[in-house]
Structure formats: C-alpha cells, structure tokens
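K.L.:
Written out as structure tokens, the structure reads:
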C-alpha cells in the first residue's frame with residue numbers, strides 16, 4: 043500500500059484522471075473542483091488507506107444502450123475513487139502483465155484491437171475456417187468475487203490492498219438516489235475493472251493454450267479458430283463447461299456459435315469467404331455508422347450543409363480510423379455515395395416548392411427544360427437525391443470543396459502513412 047500512495051505514483055494517477063475528465067460520481071464532485079478538495083482532505087484519506095480502513099463510496103449507475111439491443115451497465119466511481127483505482131492499477135498491472143497470455147489483447151499496454159483482428163486473420167489464412175465464438179452473458183455483472191479475489195491473491199500479499207479491491211467490488215450501486223448492495227459483478231467504469239477482468243480470464247487463456255488452441259481474446263470477447271465444424275462443437279462444449287464450472291461465468295448459448303468466420307463479427311470486423319480471408323467491416327458496424335449519419339442529418343434539415351458537414355466529419359474520421367484495416371474498398375465507395383445522397387436530400391427538403399427547386403438546379407448548371415422537369419416530377423426527397431439531375435448539379439467535387447470527409451480517401455491516407 044505504501045507504493046500505491048507514494049507521491050510519484052499518485053501524481054501520475056492524478057494527471058491521468060484529470061486528463062480523462064469524466065462525469066462526477068455520487069458525491070457530485072467534478073474534476074474541475076477536485077484539486078482544491080484533494081489538497082484539504084488527502085492527508086486523512088492517505089492515513090485511512092495505510093491503515094486499511096478506507097471505504098469507497100458507491101458508484102453511480104449509468105445504462106448505455108448496446109448497438110444490438112439491451113444495455114451496458116456502467117458504474118461511475120467518484121473522482122477520488124478513480125484516483126485511488128488508477129494508483130492501484132499502476133502498481134498492480136506490472137505485477138500481473140508478465141503472466142498474461144500472448145493471445146490476450148484488451149486493455150493491455152502496447153496491445154490493441156487491430157492486433158487481435160490481424161491475428162484472427164492469420165488463423166483464417168492458415169486454413170482454420172471455422173470459429174468458436176463464445177459470448178459471455180453479462181460478464182461484468184456476473185464476476186464471482188471470491189474466485190476473482192483468489193486470483194488476485196496469487197500475486198498480491200498486502201492484506202490492505204486485497205481488502206480495498208474487495209471493497210471496490212462490493213461498493214454499492216446508486217440508482218435514482220437508492221444504493222443497492224453488490225454481491226457479484228465488477229461494473230465497467232472504473233480504471234481497475236479492465237485489469238480485474240483480464241486477471242480472471244487469464245485462467246481461460248491458459249486452459250485454451252494447454253489444449254493447443256488458436257484463439258484471440260479482447261476483454262470478454264473470445265474467438266477460437268479451428269479446422270472443422272465438429273472440432274468447433276467439441277471446443278464449444280468443453281469451454282462452456284470450463285467457464286461455468288471453474289469460473290462461475292454463464293455462456294450465452296443464443297449468441298454463441300460455431301460458424302464460418304465470415305458469418306460472425308470480431309471487434310467490428312469480419313472476413314471475406316475467399317481463401318485469403320480479407321478483412322472487411324462487419325454489417326453491424328456499417329449499420330451503426332448509417333444510424334449515426336441519419337441522426338446527424340435528420341437533426342440538421344433546417345441548417346446549411348456546411349454546419350452539417352462540420353458535425354459529420356469527426357464521426358467519419360473516427361470511424362474510418364478504427365476501420366482502416368478493411369481490405370474491401372467497394373463498401374467505402376458505396377458509403378461515400380450514400381452520405382452524399384443524404385446531404386442532397388437535405389437540399390431537396392429545404393427547397394420545398396418546385397419553383398425554388400427549378401431555380402436552384404438552373405443555378406447549378408442544368409438547362410431550363412431539364413431543371414423544370416426534375417423540379418416538378420412529384421417524387422420524394424430520397425429518390426431525387428439519388429437521381430441524375432441532383433448528381434449532375436451536386437457532384438462529388440461539390441462536397442469535396444465543402445470539406446466533406448471521404449471514407450475511401452481517408453483509408454488510403456492511413457495506408458500511405460502506415
């Protein structure tokens with residue numbers, strides 16, 4: 043514990059928490075007000091930590107909708123508890139990191155989702171064209187505290203640290219002003235949760251390695267690559283039994299499957315069915331982007347295009363930054379065209395009357411006869427946004443000049459830099 047509260051370690055933790063900002067916890071104290079509070083109260087907090095008497099506050103319950111339905115439960119600790127958890131993380135992670143599997147990529151220094159996806163691709167290219175996709179049902183809500191703490195105690199001997207971690211696991215959950223006790227689970231939201239999940243699931247990694255399997259795990263998302271459907275079913279049965287008996291975790295049998303890699307998604311990506319198993323963006327990821335674009339565009343029907351484009355661009359850049367590994371360019375060309383059509387749709391809706399549409403189309407270079415025929419065709423905005431007259435009046439170059447981010451061009455720039 044002395045190492046946890048050591049000045050340099052604490053300062054690094056403080057800088058990290060302040061940099062991440064984040065919402066206030068149940069005490070309502072924001073990061074902006076935290077410095078002054080800490081200067082006054084830290085001596086007492088430090089003493090309580092060293093004596094093993096510190097009691098964390100409850101976490102604030104926040105529910106985040108999942109893309110495929112349902113909600114993800116977050117527990118937002120107070121800023122003080124985020125500071126203490128970060129200080130703990132900085133001391134504990136170097137102790138546990140050497141024992142983690144090479145096949146584990148989530149929430150580890152120097153590792154990321156891209157590496158996991160590329161490793162999965164290498165297995166597919168080796169001829170392992172079946173995947174055992176194991177879905178852990180509400181993993182962060184179902185973690186068994188006793189089993190997790192027994193794994194933590196393998197490397198941590200300081201009873202004060204062990205008691206503090208258990209108190210964080212058992213800290214109440216505040217929802218609507220009412221605090222409920224927690225007997226299991228480690229809700230996401232605090233700095234320590236990802237490390238604790240890796241500590242627990244390292245047993246799964248080692249079991250898979252002992253059996254000689256090829257797999258990739260990112261947090262609770264685990265895919266195992268095998269050569270046949272029969273082998274995949276044997277692995278699924280064995281792993282389900284291991285997880286439920288040894289780690290007391292529940293496998294979601296409806297969402298888990300033995301299937302072809304191109305029929306499943308892994309960290310937002312999927313594969314083509316070709317022998318080389320090219321990386322592509324999963325359909326669910328494409329749908330999420332389209333939903334976000336619709337949300338932005340629908341909310342900006344009365345604004346000018348430049349305002350809408352300025353709101354769209356950060357979303358498009360961030361999305362393409364993550365999906366830069368895709369090897370299927372045609373999808374990006376189609377998406378670029380679809381986004382431009384959405385923006386043309388805004389224009390058509392804004393013009394409203396045929397006379398206005400006629401005038402705008404002529405101003406963009408259409409002859410009078412074609413402009414009037416197009417303006418008075420009686421079709422809806424979406425049809426017109428994709429029709430030849432709107433493509434001629436507002437081509438790709440028009441949107442490029444307004445600064446609209448092109449997904450295809452952004453991907454090519456990322457590859458050039460790489």
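In my numbering, the protein residues as written are 43 to 460. For each residue, glycine too, the CB sits at the ideal point set by N, CA and C.
Give me the residue from 61, 87, 64 and 66 with the minimum Cα distance to residue 43.
P.N.:
87
K.L.:
Within this structure, are the beta carbons of residue 417 and residue 437 separated by less than 9 Å?
P.N.:
no
K.L.:
Ignore the nearest five residues each way along the sequence and tell me which others in residue 54's own chain have a CB closer than 7 Å to its CB.
P.N.:
132
K.L.:
So, with DSSP's three-state summary, where would you put residue 444?
P.N.:
coil
K.L.:
Using a Cβ-Cβ cut-off of 8 Å (strictly less than) and excluding sequence neighbours within five positions of residue 442, which residues of its own chain qualify?
P.N.:
448
K.L.:
Could you please give me the residues that DSSP links to residue 56 through a beta bridge?
P.N.:
Looking at the DSSP assignment, residue 56 forms no beta bridge with any residue, so it has no partner.
K.L.:
How should residue 400 be labelled, buried or exposed, when 16 other C-beta atoms within 10 angstroms of its C-beta is the threshold for buried?
P.N.:
So residue 400 counts as buried.
K.L.:
Considering only the beta carbon of each residue, do residue 260 and residue 147 sit closer than 9 Å?
P.N.:
yes
K.L.:
With residue 107 as the anchor, note down where its beta strand (DSSP E) starts and where it stops.
P.N.:
101-107
K.L.:
Here's the rule: buried if 16 or more other CB atoms are within 10 angstroms of the residue's CB, otherwise exposed. What is residue 281?
P.N.:
buried
K.L.:
Around the Cβ of residue 270, are there at least 16 other Cβ atoms within 10 angstroms (buried) or fewer (exposed)?
P.N.:
exposed
K.L.:
In whole angstroms, give me the CA-to-CA distance for residue 45 and residue 51.
P.N.:
7 Å
K.L.:
Rounded to whole angstroms, what is the Cα-Cα separation between residue 179 and residue 291?
P.N.:
Straight-line measurement puts the Cα of residue 291 at about 8 Å from the Cα of residue 179.
K.L.:
Any idea which residues DSSP pairs residue 172 with across the strands?
P.N.:
268
K.L.:
If we ignore side chains and look at the alpha-carbon of each, how far apart do residue 361 and residue 331 end up?
P.N.:
8 Å
K.L.:
Between 246, 153, 167 and 144, which has its C-alpha nearest residue 193's C-alpha?
P.N.:
246
K.L.:
Along the beta strand (DSSP E) that carries residue 138, what are the first and last residues, could you check?
P.N.:
Here residue 138 belongs to no beta strand (DSSP E); instead the alpha helix (DSSP H) covers 121-138.
K.L.:
Give the DSSP-derived three-state secondary structure of residue 416 in the structure shown.
P.N.:
helix
K.L.:
Identify whether residue 260 lies in helix, strand or coil by the three-state DSSP scheme.
P.N.:
strand
K.L.:
Compute the Euclidean distance between the alpha carbons of residue 58 and residue 80, then round it to the nearest angstrom.
P.N.:
CA-to-CA, the gap between residue 58 and residue 80 works out to about 15 Å.
K.L.:
What does a CB cutoff of less than 7 Å around residue 378 pick up in its chain, not counting 5 residues either side in sequence?
P.N.:
448, 449 and 450
K.L.:
Please work out which residues of its chain come closer than 7 Å, Cβ to Cβ, to residue 118, disregarding the five sequence neighbours upstream and downstream, and give them in chain order.
P.N.:
Excluding the 5 residues flanking it on each side, residue 118 has same chain C-beta neighbours closer than 7 Å at 65, 67, 101, 102, 104 and 231, in chain order.
K.L.:
In chain order, what residues of the same chain lie with their CB nearer than 8 Å to the CB of residue 241, ignoring the 5 residues before and after it?
P.N.:
138, 190, 193 and 194.
K.L.:
Between the alpha carbons of residue 70 and residue 202, how many angstroms are there, rounded?
P.N.:
27 Å
K.L.:
Between the region 348-361 and the region 423-436, do at least 3 Cβ pairs fall closer than 8 Å?
P.N.:
no
K.L.:
Should residue 227 be labelled buried (16 or more other beta-carbon atoms within 10 Å of its own) or exposed?
P.N.:
buried
K.L.:
Got a sec, what are the start and stop residues for the beta strand (DSSP E) residue 192 sits in?
P.N.:
Per DSSP, residue 192 lies in no beta strand (DSSP E); the unbroken alpha helix (DSSP H) holding it starts and ends at 187-194.
K.L.:
To the nearest angstrom, how far is it from the Cα of residue 340 to the Cα of residue 324?
P.N.:
Straight across, the Cα-Cα distance linking residue 340 with residue 324 is about 24 Å.
K.L.:
With DSSP as the reference, identify every bridge partner of residue 114, one or two as the case may be.
P.N.:
106
K.L.:
Name the DSSP bridge partner or partners of residue 311?
P.N.:
Its beta-bridge partners are 308 and 323.
K.L.:
Since residue 175 and residue 363 are thought to touch, with beta carbons under 8 Å apart, how far apart are those beta carbons, to the nearest angstrom?
P.N.:
So it is not a contact: roughly 25 Å between Cβ atoms.
K.L.:
Comparing alpha-carbon positions, which option in 381, 155 and 130 lies nearest residue 484?
P.N.:
Past the boundaries of the shown model lies residue 484; the chain is included only from 43 to 460, so the question cannot be answered.
K.L.:
Let me know if residue 224 comes out buried or exposed under the rule of 16 or more other beta-carbons within 10 Å of its beta-carbon.
P.N.:
buried
K.L.:
So residue 217 is in the beta strand (DSSP E); what residue range does that whole segment cover?
P.N.:
215-217
K.L.:
Three-state secondary structure (DSSP) at residue 87?
P.N.:
helix
K.L.:
Name the one or two DSSP bridge partners that residue 300 has.
P.N.:
DSSP lists 174 as partners of residue 300.
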